[in-house]
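Participant:
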Amino acid sequence: MTLLCGIDEAGRGPVIGPLVTCGIVIDSKDEAKLKKLGVKDSKLLLPKKREELFEKVLKIAKKHEVVVLEPRDIDAALMDPDTNLNWLEADTTAEIINKLKPEKAIVDCPSNNIEDYSDYIRKKLNVDCELVAEHKADLNHLVVGAASIIAKVTRDREIQKIKEKVGQDIGSGYPADPVTQQFIRKNYKNYPDIFRKTWQTYKDVVAKKQQKGLNEF
1 MTLLCGIDEA
11 GRGPVIGPLV
21 TCGIVIDSKD
31 EAKLKKLGVK
41 DSKLLLPKKR
51 EELFEKVLKI
61 AKKHEVVVLE
71 PRDIDAALMD
81 PDTNLNWLEA
91 DTTAEIINKL
101 KPEKAIVDCP
111 SNNIEDYSDY
121 IRKKLNVDCE
131 LVAEHKADLN
141 HLVVGAASII
151 AKVTRDREIQ
161 KIKEKVGQDI
171 GSGYPADPVT
181 QQFIRKNYKN
191 YPDIFRKTWQ
201 TYKDVVAKKQ
211 QKGLNEF
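The following block contains the structure:
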């Protein structure tokens, strides 16, 4: 029996809202319970099913940790020449492992270079833990799928709070979404805290507005 941890994130790509990372620890023997519940990669589940599984997954978990990085945290990392989004995610992953102290951690790896990513995390660890970083770990490991569900539901709830705050359609929050683009054009000054200002979509809107202002001047 091993204390097994799965770690995954939700909200890496959107221009609106937080990046949420979750770590879940279970007894390895309890993977069968996750399977029986119907746990899988959150992207393969409908929102209603994810909500249904949220509390059930947490009941099986020995412990869990959720880290919510707000747009300002993401922007600060991306404006720092010594880091980037992958290293920010790796820092968060190491923080979660150090807190949860599992015997083995399986991580969904965002980097093309799995070896470098794994080495970076290992250097940040202060616990004795076997680390496995993989592409599509949320698809291939139930415990990572479980973490992806908690991360996704948590982010969806945060987005719902934003929608209630602004009282209008923000779209999916992804840069390619025309509804999201229109929302940014209308509201980039009104709700600065919800936007990732280092995203090109946001920067383009601000640049166009400033250019228009200069032309009018």
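To convert, note that position 190 of the sequence shown is 190 in the numbering used here; the numbers rise steadily by one, no gaps. Think of the CB as a built atom: it goes at the ideal place given N, C-alpha and C, for glycine as much as any other residue. Here the structure is a predicted model, which means the values were calculated and not measured.
Determine the extent of the alpha helix (DSSP H) in which G238 is found, giving its start and end residues.
Facilitator: Outside the shown range of the chain, which is 1 to 217, sits residue 238, and nothing can be said about it.
Participant: Under 8 Å, with one C-beta from each stretch per pair, do the segment 20-40 and the segment 72-82 reach the 3-pair mark?
Facilitator: These segments do not touch.
Participant: Of the choices S118, A105, L69, whose alpha-carbon is the least far from that of T2?
Facilitator: Comparing Cα-Cα distances from T2 to each of S118, A105, L69, the minimum goes to A105.
Participant: Span of the alpha helix (DSSP H) holding K59?
Facilitator: Element bounds for K59: 47-60.
Participant: When you compare the CB positions of I16 and T180, do they come within less than 8 Å of one another, or not?
Facilitator: Yes, these two residues count as a Cβ contact at 8 Å.
Participant: How should P71 be labelled, buried or exposed, when 16 other C-beta atoms within 10 angstroms of its C-beta is the threshold for buried?
Facilitator: Per the 10 Å Cβ criterion, buried.
Participant: Less than 8 Å separating the beta-carbons of D108 and D27?
Facilitator: The answer is no: Cβ separation not under 8 Å.
Participant: With 16 as the cutoff for other CB atoms within 10 Å, does R50 come out buried or exposed?
Facilitator: Classification of R50: buried, given that the 10 Å Cβ count is 16 or more.
Participant: Could you pull the DSSP bridge partners for V132 from this structure?
Facilitator: Note: V132 sits in a beta bridge opposite I106.
Participant: In angstroms with no decimal places, state the Cα-to-Cα distance between T154 and V20.
Facilitator: So the alpha carbons of these two residues sit roughly 7 Å apart.
Participant: Pick out whichever of H141, A10, V39, G6 has its Cα sitting closest to the Cα of I24.
Facilitator: Comparing Cα-Cα distances from I24 to each of H141, A10, V39, G6, the minimum goes to G6.
Participant: Restricting to Cα atoms, I'd like to know which of K123, S118, L46, E31 is closest to K59.
Facilitator: Out of K123, S118, L46, E31, E31 has the C-alpha closest to the C-alpha of K59.
Participant: Just mark V127 as buried or exposed, buried being the case when its beta carbon has 16 or more other beta carbons within 10 Å.
Facilitator: So V127 counts as exposed.
Participant: Spatial neighbours of P175 within its chain, please: CB distance less than 8 Å, with the 5 preceding and 5 following residues excluded, ordered by chain position.
Facilitator: G13, P14, V15, Q181, W199, Q200, T201.
Participant: Drop a sphere of 10 angstroms on the beta-carbon of G145, count the other beta-carbons inside from all chains shown, and report buried for 16 or more, exposed for fewer.
Facilitator: Label assigned to G145: buried.
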